[in-house]
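Notes follow the structure.
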Amino acid sequence: MSKNISTSLENTQGRKKTWLLLIGIILIGANLRAPLTSVGSLISFIRDDLGISNGLAGTITTLPLLAFALLSPFAPKIANRIGMEWTIFISLILLFCGMVVRSSFGSVSLFVGTMIIGIAIAFGNVLLPGFIKMNFPLKIGIMTGVYAVFMNLFGALASGLSVPISSIGRIGWKGSLAFWGIFSFIALLVWIPQLGKQKQRESLLATETPSKKANSIWKSPLAWSITLFMGLQSLIFYTLITWLPEILQANGYSTGGAGWMLFLMQFALIPITFIIPVIAEKMSNQKVLSALAAILFIVGIAGLLLTSNHFILAISVILIGIAGGSAFSLSMMFFSLRTSDGKQAAEMSGMAQSFGYLLAAIGPTMFGAFHDITSGWQVPLITLLVVSVIILIAGIQAGENRVIADTQSSKASSAHVG
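The opening position of the sequence shown corresponds to residue 12 in the working numbering, with each subsequent residue numbered one higher.
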């Protein structure tokens, strides 16, 4: 009897720990985009208040992406030294501090705080997929979908609510940006119980000396296809997060209306980010899914380019949202599906998010600069169409049913699985 009671208590405690871990993952996911997407709807207010150009305004989004690019390869190594839980905890502290600094003073604090936010989110971007693989190895698709849904849900809410919040009393754009720091503080508190764990100190994510698999990652055409797919879909997403409201305002939308259209784009991708990982995990290859995501990008961006009809623009925004959700989810799944073990998956994640976000960082600033030069949105949007075609090519290659092989064996084996 006592043994049964003891077992029951252990099961109950195990379920509580699992639910607490799940809530922690959800809250971290909720903080991976909202601090960035909250800027897009407010970009015109920020630009006019601080007296900066469109190109410089674009760097508000570019700085975090540069932080992603520079720090992503180091996140697994730091986590291996001090533990994943502590690394994530410290990143949450940085995130909260960065959001406070960003909203405190003028243009200098805006950019300094933005960079701190980028550093914090970089760690979450890289570590969360590996953390899920370690703690939920049999439910990678579902758990990837869960955290992606909340990441995009809060990202969408931040886009849609930032302008209304800024209009309350004297809150302004600074108070509106600071508001989203509440969720980073909540995540910080909820994550504290995870700090006692030690198993994530095991060398699943990184080692002091690079392995043959780590070396082969950077020499693998498949790894580069995944990186291009990841980076270029991010380029489109972060570019439109920054500039879609401005494009829509040029087509007759109000500031608030444009912000809600940005919300619509992100809301459209929410169900897709859950569905796609589950479907992708069950398919023998993901070429069709990758191609479909790229085609939706092309159709949606063409709609922004060719018409000012509000109904067609709304449909185009929805298609872009679906494309972005599909492409992002596939990128996260490729880290696991195209690698042979957890360590190689982490190396793939670090490479894709490092070089990939370096590509993405070009987008907002380039887009804004092209607009300044041409005084229109046609050339910038045509550039995104070209990027979408490259995504199509890279996505088909990344979706092939194979894994990244060791350098020494890649020539001798086709690396096909299944």
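We treat Cβ as the ideally placed atom computed from N, Cα and C, and that holds for glycine.
(1) Just the Cα atoms here: how many angstroms apart are LEU31 and LEU317?
(2) Closer than 6 Å by C-beta to LEU77: which residues in its own chain qualify, once you throw out the five before and the five after it? Chain order, please.
(3) Give a yes or no on whether the C-beta atoms belonging to ALA80 and LEU300 are separated by under 8 Å.
(4) Output the distance between the C-alpha atoms of GLU96 and SER49, rounded to the nearest integer angstrom.
(5) In chain order, what are the residue ranges of uninterrupted beta strand (DSSP E) at least 3 long that sit wholly in the stretch 267-317?
(6) Can you confirm whether the stretch 167-178 touches the stretch 47-65 when touching is taken to mean that 3 or more C-beta pairs between the two stretches lie within less than 8 Å?
(7) If I measure Cβ to Cβ from SER178 and keep anything under 7 Å in the same chain, skipping five residues before and after, which residues do I get?
(8) Rounded to whole angstroms, how far is the Cβ of THR284 from the Cβ of SER340, which I believe are closer than 8 Å?
(9) With H, G and I counted as helix, E and B as strand and the rest as coil, what does DSSP make of ARG44?
(10) What's the gap between the Cα of GLN205 and the Cα of PRO148?
(11) Comparing C-alpha positions only, which one of VAL398, GLY166, ASN296, SER83 sits nearest to GLY336?
(12) I need the straight-line Cα distance from PHE196 to ASN42, nearest angstrom please.
(13) Kindly indicate the opening and closing residues of the alpha helix (DSSP H) around VAL119.
(14) VAL119 to LYS88, Cα distance in whole Å?
(15) With the cut-off set at 8 Å, would you say THR250 and LEU139 are in Cβ contact?
(16) Roughly how many angstroms separate the alpha carbons of THR253 and SER351, rounded to a whole number?
(17) On the premise that THR238 lies in contact with MET362, defined as a C-beta separation below 8 Å, what is that separation, rounded to the nearest angstrom?
(18) Could you say if the stretch 146-162 and the stretch 54-61 meet the contact criterion of at least three C-beta pairs nearer than 8 Å?
(19) Give the secondary structure of ARG26 by DSSP, where H, G and I count as helix, E and B as strand, and everything else as coil.
(20) Does ARG181 come out as helix, strand or coil in the three-state DSSP assignment?
(21) If you draw a straight line from the C-alpha of LEU233 to the C-alpha of MET377, how long is it?
(22) Excluding sequence positions up to five away, which residues of its chain have a Cβ less than 7 Å from the Cβ of GLU213?
(23) Confirm, please, whether the CB-CB distance from LEU403 to VAL328 is below 8 Å.
(24) Decide if ARG26 is buried, meaning its Cβ has at least 16 other Cβ atoms within 10 Å, or exposed.
(25) Alpha carbon to alpha carbon, how far is ILE37 from VAL160? Give it in angstroms, no decimals.
(26) Would you call GLY207 buried or exposed, if buried means 16 or more other Cβ atoms sit within 10 Å of its Cβ?
(27) Compare the beta carbon distance of GLN364 and ILE415 with 8 Å and say whether it is the shorter of the two.
In terms of the structure at hand:
(1) What you label residue 31 is simply residue 20 of the sequence shown in a count that begins at 1. What you label residue 317 is simply residue 306 of the sequence shown in a count that begins at 1. Spanning the two alpha carbons is a distance of roughly 48 Å.
(2) Counting from 1 along the sequence shown, the entry for residue 77 is found at position 66. In its chain, beyond the 5 residues on either side, ALA372 have a beta carbon closer than 6 Å to the beta carbon of LEU77.
(3) As a first step, residue 80 is located in the sequence shown; it is residue number 69 there, counting from the start. As a first step, residue 300 is located in the sequence shown; it is residue number 289 there, counting from the start. Not in contact: ALA80 and LEU300 (Cβ atoms no closer than 8 Å).
(4) In the sequence shown, residue 96 corresponds to position 85, counting from 1. In the sequence shown, residue 49 corresponds to position 38, counting from 1. Cα-Cα distance, rounded: 27 Å.
(5) Uninterrupted beta strand (DSSP E) stretches at least 3 residues long and entirely within the stretch 267-317 do not occur.
(6) Between the stretch 47-65 and the stretch 167-178 there are three or more inter-stretch CB-CB distances shorter than 8 Å, so the stretches are counted as touching.
(7) Walking along the sequence shown from the start, residue 178 turns up at place 167. The answer is none, since no qualifying residue turns up.
(8) Walking along the sequence shown from the start, residue 284 turns up at place 273. Walking along the sequence shown from the start, residue 340 turns up at place 329. Right, their Cβ atoms sit about 5 Å apart.
(9) To locate residue 44, count along the sequence shown from 1; it is residue 33. In the three-state DSSP reduction, ARG44 falls in the coil class, being neither helix nor strand.
(10) In the sequence shown, residue 205 corresponds to position 194, counting from 1. In the sequence shown, residue 148 corresponds to position 137, counting from 1. Roughly 18 Å separates the two Cα atoms.
(11) Start at 1 with the first residue of the sequence shown, and residue 336 comes out as number 325. The candidate whose alpha carbon is nearest that of GLY336 is GLY166.
(12) By 1-based counting over the sequence shown, the position of residue 196 is 185. By 1-based counting over the sequence shown, the position of residue 42 is 31. Spanning the two alpha carbons is a distance of roughly 10 Å.
(13) As a working mapping, residue 119 is identified with position 108 in the sequence shown. Membership of VAL119 in the alpha helix (DSSP H) is indicated by the continuous run 118-146.
(14) Here the question's residue 119 lines up with position 108 in the sequence shown. Here the question's residue 88 lines up with position 77 in the sequence shown. Approximately 31 Å, taken between the alpha carbons.
(15) If you number the sequence shown from 1, residue 250 lands on position 239. If you number the sequence shown from 1, residue 139 lands on position 128. No; because the gap between Cβ atoms is not below 8 Å, this pair is not in contact.
(16) Counting from one through the sequence shown, the residue named residue 253 turns up at place 242. Counting from one through the sequence shown, the residue named residue 351 turns up at place 340. Looking at the two C-alpha atoms, the distance is approximately 37 Å.
(17) Position 351 of the sequence shown, counted from the first residue, corresponds to residue 362. Position 227 of the sequence shown, counted from the first residue, corresponds to residue 238. Yes, MET362 and THR238 are in contact; Cβ-Cβ is about 6 Å, under 8 Å.
(18) No, because fewer than three Cβ pairs between the stretch 146-162 and the stretch 54-61 fall closer than 8 Å, the two stretches do not touch.
(19) To locate residue 26, count along the sequence shown from 1; it is residue 15. When secondary structure is reduced to three states using DSSP, ARG26 falls in the helix class.
(20) In the sequence shown, counting from the first residue as 1, residue 181 sits at position 170. Reduced to three states, the DSSP call for ARG181 is coil.
(21) Taking the first residue of the sequence shown as 1, we reach residue 233 at position 222. Taking the first residue of the sequence shown as 1, we reach residue 377 at position 366. Cα-Cα distance, rounded: 27 Å.
(22) The sequence position of residue 213 within the sequence shown is 202, counting from 1. Any reading at GLU213 must be qualified, since the residue scores a pLDDT of 47, below 50, and its modelled position is unreliable; the value itself is stated next. Here the set comprises nothing.
(23) Reading the sequence shown from its first residue, position 317 is the one you call residue 328. Reading the sequence shown from its first residue, position 392 is the one you call residue 403. Result no, Cβ atoms of VAL328 and LEU403 do not sit closer than 8 Å.
(24) For the purposes of this step, residue 26 is taken as residue 15 along the sequence shown, with counting starting at 1. With fewer than 16 Cβ atoms within 10 Å of its Cβ, ARG26 is classed as exposed.
(25) Residue numbering aside, residue 160 sits at position 149 when the sequence shown is read from its first letter. Residue numbering aside, residue 37 sits at position 26 when the sequence shown is read from its first letter. So the two alpha carbons sit approximately 9 Å from each other.
(26) In the sequence shown, the residue the question calls residue 207 occupies position 196. Classification of GLY207: exposed, given that the 10 Å Cβ count is below 16.
(27) Position 353 of the sequence shown, counted from the start, is the residue given in the question as residue 364. Position 404 of the sequence shown, counted from the start, is the residue given in the question as residue 415. The answer is no: Cβ separation not under 8 Å.
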